[in-house]
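Right, one structure below, let's go through it.
Numbering (full-length UniProt numbering), first residue to last: 1 to 85.
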């Protein structure tokens, strides 16, 4: 079992979210197991930052089909679309 890393000071477990049309993409860093599957499969959307945590690459839009594949593949189940109200 892969060990979970503690969040660095100033990083909340809610992760970072980016708007995409009527829903936003969110990474819950408190659930992330740093398996890197998202970075390997979709490097134009996900990357590791200097603190070695996953973050979203800034973009006006993201490929929904690719993101949905990543969500299904994520071992930590930490990536999701959040409907905006």
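Backbone N, C-alpha and C define an ideal beta-carbon position, used for all residues, glycine too.
Asked	Found
What is the rounded straight-line gap between the Cα of residue 64 and the Cα of residue 70?	10 Å
In angstroms, rounded to a whole number, what distance separates the CA positions of residue 24 and residue 51?	23 Å
Need the endpoints of the beta strand (DSSP E) that residue 41 sits in, please.	Element bounds for residue 41: not the beta strand (DSSP E) but the alpha helix (DSSP H), 37-41.
CB residue 26 to CB residue 82, shorter than 8 Å?	yes
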